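Here's the structure we're looking at; comments come further down.
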């Protein structure tokens with residue numbers, strides 16, 4: 140455990156009554172966060188396994204499906220999330236050295252990156268919906284070329300494009316919901332930072348939310364090449 144958080148046992152932050160000490164509170168919070176992140180990895184892991192299995196069975200379908208994705212927008216979102224990971228880490232550092240304004244600045248930048256990511260996803264989604272590229276039984280392409288491609292794949296036993304878009308919307312949609320959740324938590328951190336609740340003696344919530352945000356970024360780093368490049 141860090142010296143800064145250990146100092147909470149001697150003043151500054153008062154640990155909750157159900158913990159023996161500030162150190163106990165810190166260690167329990169971090170352990171609980173890691174345990175929660177493990178369940179998140181298991182959830183996304185199941186989707187990744189399903190993607191890999193069906194990709195091996197229907198490689199042509201995944202190849203054709205990936206041609207409808209804009210890799211430039213995917214790359215932009217990758218850069219945005221990488222920047223947000225850096226600013227999230229910097230917000231924790233500046234809290235540790237008691238620089239409130241810089242902590243707030245980096246939290247606001249992280250939150251802004253989350254908004255940019257969601258705006259880009261909105262642009263991508265609306266374009267797919269406009270073309271009728273929905274998941275599952277709602278798949279109803281409006282372009283004749285896409286209809287012909289889907290029919291050809293199905294006739295040749297190479298799967299159906301609706302399966303690809305089912306994976307695409309499920310995986311990216313679930314990830315986007317985690318981005319929204321992370322943005323809500325970052326907003327909560329911003330409010331508490333404005334109240335001067337964090338500093339060298341106490342910054343555990345920043346660390347825990349930071350771990351969650353880094354996992355969200357890491358998952359996208361896997362989603363981007365799988366959906367946009369490798370397909």
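Numbering (our numbering), first residue to last: 140 to 370.
We put the beta carbon where it would ideally sit given N, CA and C, even for glycine.
It should be emphasised that the depicted structure is a prediction, and the values quoted were computed from it without experimental measurement.
Open item on the list: Quick check on DSSP: helix, strand or coil for residue 338?
Closed with: strand
- [ ] Mark residue 245 as exposed unless 16 or more other C-beta atoms lie within 10 angstroms of its C-beta, in which case mark it buried.
- [x] buried
TODO: Classify residue 352 as buried or exposed, calling it buried when 16 or more other Cβ atoms lie within 10 Å of its own Cβ.
DONE: buried
Task: Endpoints, the alpha helix (DSSP H) within which residue 355 is located - done: Going by DSSP, residue 355 is part of the alpha helix (DSSP H) stretching over 343–363.
Open item on the list: Quick check: the Cα distance between residue 304 and residue 216, rounded to an integer number of angstroms?
Closed with: 19 angstroms
Task: Distance between residue 326 and residue 231 (C-alpha atoms, nearest Å) - done: 15 angstroms
TODO: State yes or no: is the C-beta of residue 263 within less than 9 angstroms of the C-beta of residue 209?
DONE: Residue 209 is positioned such that its CB atom lies closer than 9 angstroms to that of residue 263.
TODO: With distances taken Cα to Cα, identify the nearest neighbour of residue 291 among 256, 204, 238, 309.
DONE: 204
TODO: Taking only the alpha-carbon atoms, compute the straight-line gap between residue 234 and residue 334 and give it to the nearest angstrom.
DONE: 13 angstroms
Task: Residues near residue 309 by beta carbon distance below 6 angstroms, same chain, minus five either side - done: none
TODO: Return yes when the Cβ of residue 317 is within less than 9 angstroms of the Cβ of residue 358, no when it is not.
DONE: yes
- [ ] Pick out whichever of 343, 329, 267, 196 has its Cα sitting closest to the Cα of residue 239.
- [x] 329
Open item on the list: If I measure Cβ to Cβ from residue 226 and keep anything under 8 angstroms in the same chain, skipping five residues before and after, which residues do I get?
Closed with: 245, 246, 248, 249, 252
TODO: Give a yes or no on whether the C-beta atoms belonging to residue 223 and residue 175 are separated by under 9 angstroms.
DONE: no
Task: Simplified DSSP assignment, three categories, for residue 221 - done: helix
Open item on the list: If you measure between the beta carbons of residue 189 and residue 306, is that distance less than 9 angstroms?
Closed with: yes
Open item on the list: Does residue 198 come out as helix, strand or coil in the three-state DSSP assignment?
Closed with: helix
Open item on the list: On the DSSP letters alone, give me the boundaries of the alpha helix (DSSP H) that residue 81 sits inside.
Closed with: With the chain covering only 140 through 370, there is no way to say anything about residue 81.
- [ ] Provide the residue span of the alpha helix (DSSP H) that contains residue 250, from first to last.
- [x] Per DSSP, residue 250 belongs to the alpha helix (DSSP H) from 239–269.
Open item on the list: Once DSSP output is grouped into helix, strand and coil, what is the label at residue 185?
Closed with: helix
Open item on the list: Using a Cβ-Cβ cutoff of less than 6 angstroms, which residues in the same chain neighbour residue 197 once the five nearest sequence positions on both sides are dropped?
Closed with: Counting only Cβ-Cβ distances below 6 angstroms, and skipping sequence neighbours, we find 297, 298.
Open item on the list: If you measure between the beta carbons of residue 350 and residue 178, is that distance less than 9 angstroms?
Closed with: Inclusion of residue 350 and residue 178 in the CB contact set at 9 angstroms is not warranted, their separation being larger than that value.
Task: With 16 other Cβ atoms within 10 Å as the buried cut-off, status of residue 220 - done: Within a 10 Å sphere around the beta-carbon of residue 220 sit 16 or more other beta-carbons, which makes this residue buried.
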